[in-house]
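S.K.: Take this structure, written in structure tokens, and hold onto it; I'll ask about it next.
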Amino acid sequence: MLSGIFAWALPFFLILLVSVVADAQGGGGAPRELWCVGKNNAEDAALQSALDWTCGPGGADCGPIQNGGPCYDASDLQRTASFAFNNYCTKHGFSDETCNFGNTAALTSLNPSHSNCKFPSSLSTGTANFSGAATDGSDTSDLTSNSSIAHQSGRASIAIHLLFAVLLIF
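Read in order, the letters of the sequence shown correspond to residues -24 to -1, 1 to 146 in mature numbering (1 follows the signal peptide of the UniProt record, and there is no 0).
In structure tokens form, the structure reads like this:
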């Protein structure tokens, strides 16, 4: 009876193992579109300083966020900075390092485009160089820190140990 229960569990754990390992190695599907946006908890002074650098020495094309441009919004500094940060990353690659700006920005998989203001993604520019983790784009995402993919290898380790436990029972 006990071996019958585990007979169905072995294929389940094998499928789980393969999917977790593929996910941890980045081979779980199509590449994700990424955008670089200002963090929702960044101080306005820090965002403004990062925006000034990005549009100045950083070399981002900030024309669309100037008065009269399709992305101009004087009332929303985070949205304005997000356009500049994202534009910078289209030229220098989308990575945790290029999308930092003094810890005021982070990568996201949520498209920040709005109205006539279109943000190119990492896929549309061909400059994806991603080695960290992006937010899932849900409304509750808090872009407060850079995260890593270490938890994925932890899941793979758990799956491997579970598989060995099942094999030992047989």
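All C-beta atoms in this analysis are idealised placements derived from N, C-alpha and C, irrespective of residue type, glycine included.
Report the start-end ranges of each alpha helix (DSSP H) in the region 11 to 64 that is 4 residues or longer and not cut off at the edges.
M.R.: Those alpha helix (DSSP H) runs which fall completely within the region 11 to 64 and span 4+ residues are 20 to 31.
S.K.: Go ahead and pull the three-state DSSP assignment for LEU86.
M.R.: Here residue 86 is taken as the residue at index 110 of the sequence shown, counted from 1. LEU86: coil per DSSP, three-state reduction.
S.K.: Can you tell me whether GLU73 is helix, strand or coil according to DSSP?
M.R.: Sequence index remark: in the sequence shown, residue 73 carries index 97 (1-based). In this structure, GLU73 counts as coil in the three-state DSSP scheme.
S.K.: Just the C-alpha distance for VAL13 and GLY44, rounded to the nearest angstrom, thanks.
M.R.: Position 37 of the sequence shown, counted from the first residue, corresponds to residue 13. Position 68 of the sequence shown, counted from the first residue, corresponds to residue 44. Between VAL13 and GLY44, the C-alpha separation is close to 21 angstroms.
S.K.: For the ligand GDP, is there any heavy atom lying closer than 7 angstroms to the beta carbon of THR84?
M.R.: The ligand GDP is not among the ligands present in this structure, which contains no ligands whatsoever.
S.K.: Please tell me whether ALA60 and LEU27 are closer than 8 angstroms, where the distance is taken between their beta carbons.
M.R.: As a first step, residue 60 is located in the sequence shown; it is residue number 84 there, counting from the start. As a first step, residue 27 is located in the sequence shown; it is residue number 51 there, counting from the start. In this structure, LEU27 lies closer than 8 angstroms to ALA60 by Cβ.
S.K.: Leaving aside the five residues before and after PRO96 along the sequence, list all residues of the same chain whose C-beta is less than 6 angstroms from its C-beta, in chain order.
M.R.: As a first step, residue 96 is located in the sequence shown; it is residue number 120 there, counting from the start. If we look at PRO96 and ignore the five residues flanking it on each side, its Cβ neighbours are THR66.
S.K.: Using only the alpha-carbon positions, how far apart do THR30 and PRO7 sit?
M.R.: For the purposes of this step, residue 30 is identified with residue 54 of the sequence shown, where counting begins at 1. For the purposes of this step, residue 7 is identified with residue 31 of the sequence shown, where counting begins at 1. Spanning the two alpha carbons is a distance of roughly 27 angstroms.
S.K.: Could you check whether ALA36 and ASP63 sit closer than 8 angstroms to each other, using their CB atoms as the reference points?
M.R.: Walking along the sequence shown from the start, residue 63 turns up at place 87. Walking along the sequence shown from the start, residue 36 turns up at place 60. Sequence inspection shows Asn at residue 63; the Asp mentioned does not correspond to that position. Yes, they are a contact pair.
S.K.: Taking 6 angstroms as the limit between beta carbons, can you name the residues of its chain near SER114, skipping five residues before and five after?
M.R.: Position 138 of the sequence shown, counted from the start, is the residue given in the question as residue 114. In this prediction, SER114 scores a pLDDT of 39, lower than 50, which makes its location untrustworthy; no coordinate-derived value is stated.
S.K.: Would you mind sorting ASP112 into buried or exposed? The rule is 16 or more other CB atoms within 10 Å of its CB.
M.R.: Taking the first residue of the sequence shown as 1, we reach residue 112 at position 136. For ASP112, the pLDDT reaches just 42, beneath the cut-off of 50, and the residue's location in the model is therefore unreliable, leaving the point undetermined.
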